[in-house]
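Reviewing the structure listed below.
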DNA sequence: CTTCTCCTGTAAAGTAACTTACGTTTAAAT
DNA sequence: ATTTAAACGTAAGTTACTTTACAGGAGAAG
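Chains as they are written, first to last, in the numbering used here: chain A, 21 to 241; chain B, 21 to 241.
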């Protein structure tokens, strides 16, 4: 789970980063507002932690810039103790939570997890294609005939990929990239295996093979 | 739909208010017990959200005052995580639901809608789902076949969470958050252990496992 | 105060579900 | 016809959940 930590106090930043990494985040750290803006806009983070006091600008401006572009990841702001004006402004600028310094790392982790979960919940988009509807929240597939099938994690991710762009041909390599990361890439055959399982659900005609190229989800299904 | 939010943490209050307004409530916010009592007695709300920790008094006293006068709108109380005593007292004082901090706003909204809907039918302090009825006062479970089982504290709290939103998938982490606080968080296995105890009561088909996602109480039970 | 009981949480073993690997068969393309 | 890619079936591997039994602790009863 990628995370952006914007904190100018080097010592604090390093300490936090290492603790956050212990609990499963992969953390990018930056000390300046300038860099924070660029990273937030260009990279795909699951959440951000933002100290409001930065050497080269106000953290709130960073947040506003993020929100103005399309950076939609949830942000937790760190404020000086009792400075609730900052908190209010932070919320108005689009923060999702706040924490007053000094704080316990456990508290930060708990709140981070909370906002990440919350942000995942608020994407209640269900993906529709033809007779099919993929429910992101419940991780299940509904079909026009009224049936509903719950999907396993891998089935779901693969199907979401295909349904996300009906008619587009995804190569096996592309699909592999979406499903796995570089370290833990299994046998390529795995895609074929899962395609087969999905076809059992959606019918063989719904997912078409382009031999040598890849697979596609038929939009006119 | 008018709503009264009693919360002394300014930031939290503002954040909640804005989110609640997004989903169609019109929200009055107050930070003090004194004002809360007056507003609750004089204004016509559809529901109330009440934080128990207030600067100038106990939230429970506010609730009791409301109930003593003719304020009949349903009330959801916010408690510190893992603080059962408050929850129990709150229910006894006439609260209709409770939620442990920190919570997801979606959860609050869902529960608010639930108690409003319920209150329009009539105020009742028992939670019904399918063939089951959870009695808040007696902390016991009644089943359609006429049997009645008393529950232990933990059993009750877990079941209450699940039955409060039938059909919704609660992750183990979510359930942990509602049952325990940061200091006294036991082995994660505890949820599984209690799910099993509950299933012995309600039958294995009533609580469904979604592997990798969580558990849900079947509404069509 | 001591004993007993029941609730709670832990640990470890057992099982089911999901994932991956692999060998074989089938089908497509040249 | 030959080569190559995909499909299929099965089995092994892995992870998540279930089940069970028990130890410690709090509160009730003696």
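Ideal Cβ positions, reconstructed from N, Cα and C, are used throughout, including at glycine. These numbers were taken from a predicted model, which means no experiment stands behind them.
Which residues in chain B sit within 8 angstroms of residue 230/A, going by Cβ to Cβ distance?
Here residue 230/A refers to the residue found at position 210 of the first chain. In chain order: nothing, as chain B lies at least about 31 angstroms away.
What are the boundary residues of the alpha helix (DSSP H) that residue 55/B is part of?
Residue mapping note: residue 55/B aligns to position 35 of the second chain, counting from 1. In the DSSP assignment, residue 55/B falls within the unbroken alpha helix (DSSP H) covering 53-62.
For residue 112/B, list the residues DSSP reports as bridge partners.
For this step, residue 112/B is matched to residue 92 along the second chain. DSSP, once it has assigned bridges, lists no residue as partnering residue 112/B.
Under a CB-based cut-off of 9 angstroms, is residue 172/A close to chain B?
Numbered from 1 along the first chain, position 152 holds the residue referred to as residue 172/A. Judged by the 9 angstroms Cβ criterion, residue 172/A is in contact with chain B.
Using the C-alpha atoms, what's the distance from residue 234/B back to residue 170/A?
Within the first chain, numbered from 1, the residue matching residue 170/A stands at position 150. Within the second chain, numbered from 1, the residue matching residue 234/B stands at position 214. Their Cα atoms are separated by approximately 12 angstroms.
Between the Cα of residue 41/B and the Cα atoms of 23/B, 31/B, 57/B and 28/B, which residue gives the shortest distance?
Residue numbering aside, residue 41/B sits at position 21 when the second chain is read from its first letter. Of 23/B, 31/B, 57/B and 28/B, the residue nearest in Cα terms is 23/B.
Alpha helix (DSSP H) containing residue 225/A: first to last residue?
Start at 1 with the first residue of the first chain, and residue 225/A comes out as number 205. First-last for residue 225/A: undefined, no H or E at that position.
Where residue 29/B falls: helix, strand or coil (DSSP)
Residue numbering aside, residue 29/B sits at position 9 when the second chain is read from its first letter. Reduced to three states, the DSSP call for residue 29/B is coil.
Which chain B residues sit within Cβ distance under 9 angstroms of residue 131/A?
Position 111 of the first chain, counted from the first residue, corresponds to residue 131/A. Going along chain B in sequence order, the residues near residue 131/A (Cβ under 9 angstroms) are 122.
Which residues does DSSP pair with residue 95/A in a beta bridge?
As a working note, residue 95/A is residue 75 in the first chain. Beta-bridge pairing links residue 95/A to 68/A.
Within chain A, the residues that residue 233/B reaches when beta carbons sit closer than 7 angstroms
Along the second chain, read from residue 1 onward, the residue named residue 233/B stands at position 213. Chain-order list of chain A residues neighbouring residue 233/B: 159, by C-beta distance under 7 angstroms.
For residue 251/A, which residues from the same chain have a beta carbon less than 7 angstroms from its beta carbon, with the 5 sequence-adjacent residues on both sides left out?
Limits of chain A in this structure are 21 at one end and 241 at the other, which puts residue 251/A out of reach.
Cα separation between residue 49/A and residue 32/B?
By one-based count along the first chain, residue 49/A stands at place 29. By one-based count along the second chain, residue 32/B stands at place 12. The straight-line gap from Cα to Cα measures roughly 27 angstroms.
Of the listed residues 79/B, 151/B, 205/B and 221/B, nearest to residue 172/B (C-alpha basis)
Sequence index remark: in the second chain, residue 172/B carries index 152 (1-based). Minimum Cα distance to residue 172/B is reached at 221/B.
Taking residue 118/A as the reference, which of 29/A, 125/A, 131/A and 156/A has the closest Cα?
Working through the first chain from its first residue, we reach residue 118/A at position 98. Taking only the C-alpha atoms, the option nearest residue 118/A is 131/A.
Within 10 Å of its beta-carbon, does residue 43/A have 16 or more other beta-carbons around it, so buried, or fewer, so exposed?
Residue 43/A sits at position 23 when you count from the first residue of the first chain. Result: exposed.
Going by DSSP, name the residue or residues bridged to residue 162/A.
The residue you call residue 162/A lines up with position 142 of the first chain. Bridge partners of residue 162/A: 153/A and 168/A.
Suppose you measure from the CA of residue 125/A to the CA of residue 39/A; what does that come to, to the nearest Å?
In the first chain, residue 125/A corresponds to position 105, counting from 1. In the first chain, residue 39/A corresponds to position 19, counting from 1. Going by the C-alpha atoms only, they are around 8 angstroms apart.
is_contact[residue 134/A, chain B] using C-beta, thresh 9 angstroms:
Counted from its first residue, the first chain places residue 134/A at position 114. Interface residue, yes.
Specify the secondary structure class of residue 213/B as computed by DSSP and reduced to three states.
To locate residue 213/B, count along the second chain from 1; it is residue 193. In this structure, residue 213/B counts as helix in the three-state DSSP scheme.
Just to confirm the assignment, what range does the beta strand (DSSP E) spanning residue 76/B have?
Counted from its first residue, the second chain places residue 76/B at position 56. No beta strand (DSSP E) contains residue 76/B, which DSSP labels as neither H nor E.
CA-CA distance, residue 133/B and residue 128/A?
The count along the second chain starts at 1 and reaches residue 133/B at position 113. The count along the first chain starts at 1 and reaches residue 128/A at position 108. Straight-line Cα distance between these residues: approximately 30 angstroms.
Do we get a CB-CB distance below 9 angstroms when we pair residue 193/B with the residues of chain A?
One-based indexing of the second chain puts residue 193/B at position 173. By this cut-off, residue 193/B is an interface position.
Residue 189/B versus chain A: which residues are under 7 angstroms apart at the beta carbon?
Numbered from 1 along the second chain, position 169 holds the residue referred to as residue 189/B. Ordered by position in chain A, the residues that pass the 7 angstroms Cβ test against residue 189/B are 158.
Give the straight-line distance between the Cα atoms of residue 158/A and residue 178/A, rounded to the nearest whole angstrom.
Walking along the first chain from the start, residue 158/A turns up at place 138. Walking along the first chain from the start, residue 178/A turns up at place 158. In this structure, the alpha-carbon of residue 158/A lies about 15 angstroms from that of residue 178/A.
Establish whether the CB of residue 208/B and some CB of chain A are separated by less than 9 angstroms.
Along the second chain, one-based indexing puts residue 208/B at 188. Nearest CB-CB separation between residue 208/B and chain A: not below the 9 angstroms threshold.
On the three-state DSSP scale, how would you describe residue 35/B?
Along the second chain, one-based indexing puts residue 35/B at 15. In the structure shown, residue 35/B sits in a helix (DSSP, three-state: H, G or I).
Please confirm if residue 55/B has its CB atom under 9 angstroms from at least one CB of chain A.
Stepping through the second chain from its first residue, residue 55/B is reached at position 35. By this cut-off, residue 55/B is not an interface position.
Helix, strand or coil: which one does DSSP assign to residue 237/B?
For the purposes of this step, residue 237/B is taken as the residue at position 217 of the second chain. If DSSP states are grouped into helix, strand and coil, residue 237/B belongs with the strands.
Taking contact to mean 3 or more Cβ pairs, one atom from each stretch, closer than 8 angstroms, check whether the region 203-210 of chain A and the region 53-64 of chain B are in contact.
The region 203-210 of chain A, when compared against the region 53-64 of chain B, does not touch it at the 8 angstroms Cβ threshold.
Cβ atoms of residue 99/B and residue 114/B: under 9 angstroms apart, would you say?
Walking along the second chain from the start, residue 114/B turns up at place 94. Walking along the second chain from the start, residue 99/B turns up at place 79. Cβ distance not < 9 angstroms, so residue 114/B and residue 99/B don't count as in contact.
Since residue 50/B sits in a beta bridge, which residues does DSSP pair it with?
One-based indexing of the second chain puts residue 50/B at position 30. Residue 50/B pairs with 26/B.
Would residue 240/A be called buried (16 or more neighbouring beta carbons within 10 Å of its own) or exposed?
If you number the first chain from 1, residue 240/A lands on position 220. That one is exposed.
Does residue 89/A come out as helix, strand or coil in the three-state DSSP assignment?
The residue you call residue 89/A lines up with position 69 of the first chain. Residue 89/A: coil per DSSP, three-state reduction.
Am I right that residue 174/B and residue 199/B are in contact with their C-beta atoms under 8 angstroms? What's the rounded C-beta distance?
Within the second chain, numbered from 1, the residue matching residue 174/B stands at position 154. Within the second chain, numbered from 1, the residue matching residue 199/B stands at position 179. Correct: roughly 7 angstroms between the Cβ atoms.
Identity of the residues DSSP links to residue 190/B by a beta bridge
Residue mapping note: residue 190/B aligns to position 170 of the second chain, counting from 1. Bridge partners of residue 190/B: 235/B.
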